[in-house]
Amino acid sequence: MAKPQFIDLSVTLSPNIKEPLPAKIDYSSHEEGAIQAAQILGLTPGDFPEKKAWATETVTANTHSGTHVDAPWHYWPTSEGQPSKTIDELPLEWFFADGVVFDFSDKESGYEITTNDLIQKLKEMDYQLKPYDIVLIRSDADKKMMDDNYAYIHVGVSAEATRWLIEQGIKVMGTDGWGWDIPLTIQAANYKQKPREGLLWAAHYVGRDKEYCQIEKLANLDKIPTPYGFKISCFPIKIDKASGAWTRPVAIIETP
Numbered sequence: 005m006a007k008p009q010f011i012d013l014s015v016t017l018s019p020n021i022k023e024p025l026p027a028k029i030d031y032s033s034h035e036e037g038a039i040q041a042a043q044i045l046g047l048t049p050g051d052f053p054e055k056k057a058w059a060t061e062t063v064t065a066n067t068h069s070g071t072h073v074d075a076p077w078h079y080w081p082t083s084e085g086q087p088s089k090t091i092d093e094l095p096l097e098w099f100f101a102d103g104v105v106f107d108f109s110d111k112e113s114g115y116e117i118t119t120n121d122l123i124q125k126l127k128e129m130d131y132q133l134k135p136y137d138i139v140l141i142r143s144d145a146d147k148k149m150m151d152d153n154y155a156y157i158h159v160g161v162s163a164e165a166t167r168w169l170i171e172q173g174i175k176v177m178g179t180d181g182w183g184w185d186i187p188l189t190i191q192a193a194n195y196k197q198k199p200r201e202g203l204l205w206a207a208h209y210v211g212r213d214k215e216y217c218q219i220e221k222l223a224n225l226d227k228i229p230t231p232y233g234f235k236i237s238c239f240p241i242k243i244d245k246a247s248g249a250w251t252r253p254v255a256i257i258e259t260p
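Heads up: take any position in the sequence shown, counting from 1, add 4, and you land on our numbering.
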């Protein structure tokens, strides 16, 4: 039996990514590790081979830096009339399921995806969504994650389209953009022009009455060779009472 193909769908957690919430990484060398080990164990650095021991890193990062999963708690304190789940409370079953890629890479930055857009794509794919499919939105924004405007160049998903996906039984949906909604700069400009409810963070706020999760800052969706017929694994790190957590999503493609 042939081995499955694995496609990494994550960005590297790095301070070099041009995003509003960059990670910071402090690297400790093998020599520094020997000093640390000696202090802990009551030895001297010279007791270790060539005065070398463990290399380590200290990462300072927001839970929404890099590729991550948003928990319902991120959107609002309650969801469906109950306290919103934090990342450590979410069912593991949500995060390993069949994947479906919606390709909107031909749309301009800031385009807002509608329910009709999704329905039309499904017709083109000849596919019908089923409960617990993991929906992935491709815009190819990940190709520009080192650009200064990376956080503001993706296509977004409308609130009504988000709600529609949830009504189809979708619990986890993701994007290769910095955020799920249209870029924050466009949201703010629209609101300043005509302030009203429903312009700011609209798709996220769907989580107030419809429980769901989203993955942000995916990568390499263009490398998945088929829009469906593959598995997605995207288990989030278990962080106590957190609104989100990092994940390393992988597309798993079985070959005959």
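Cβ coordinates follow ideal geometry from the N, Cα and C atoms, glycine included.
DSSP places Ala6 in the coil class of the three-state scheme, outside both helix and strand. Relative to the Cα of Glu54, the nearest Cα in the group Ile39, Leu126, Ser247, Asn194 belongs to Ile39. In this structure, the beta-carbon distance from Ser69 to Trp77 does not fall below 9 Å. Per DSSP, the unbroken alpha helix (DSSP H) holding Leu45 starts and ends at 34-45.
In this structure, the CA atom of Arg252 is about 27 Å from the CA atom of Gly37. Our two residues, Phe239 and Thr259, have alpha carbons roughly 23 Å apart in a direct line. In this structure, DSSP gives His72 an extended state, which the three-state scheme calls strand.
Cα atoms of Arg142 and Phe52: separation of roughly 50 Å, rounded to the nearest angstrom. DSSP assignment within the region 214-257 yields no whole alpha helix (DSSP H) run of 4 residues or more. Judged by DSSP secondary structure, Ala101 falls within the beta strand (DSSP E) whose first and last residues are 100-107.
Spatial neighbours of Asp244 in its own chain (CB-CB distance under 7 Å, excluding positions within 5 residues in sequence) are listed in chain order as Asp92. In this structure, DSSP gives Arg142 an extended state, which the three-state scheme calls strand. Rounded to whole angstroms, Val176 and Ala59 show a C-alpha spacing of 36 Å.
In the DSSP annotation of this structure, Thr118 is not part of any beta strand (DSSP E), being labelled neither H nor E. Within its own chain, the residues whose Cβ lies closer than 7 Å to the Cβ of Glu35, once the five positions on either side in sequence are excluded, are Lys55, Lys56, listed in chain order.
Lys134 carries a coil assignment under DSSP once its states are collapsed to helix, strand and coil.
Under DSSP, Ser83 forms a beta bridge with Gln86.
In the three-state scheme derived from DSSP, where H, G and I count as helix and E and B as strand, Gly173 is classed as coil.
Note that the C-beta distance between His208 and Trp182 is not below 9 Å.
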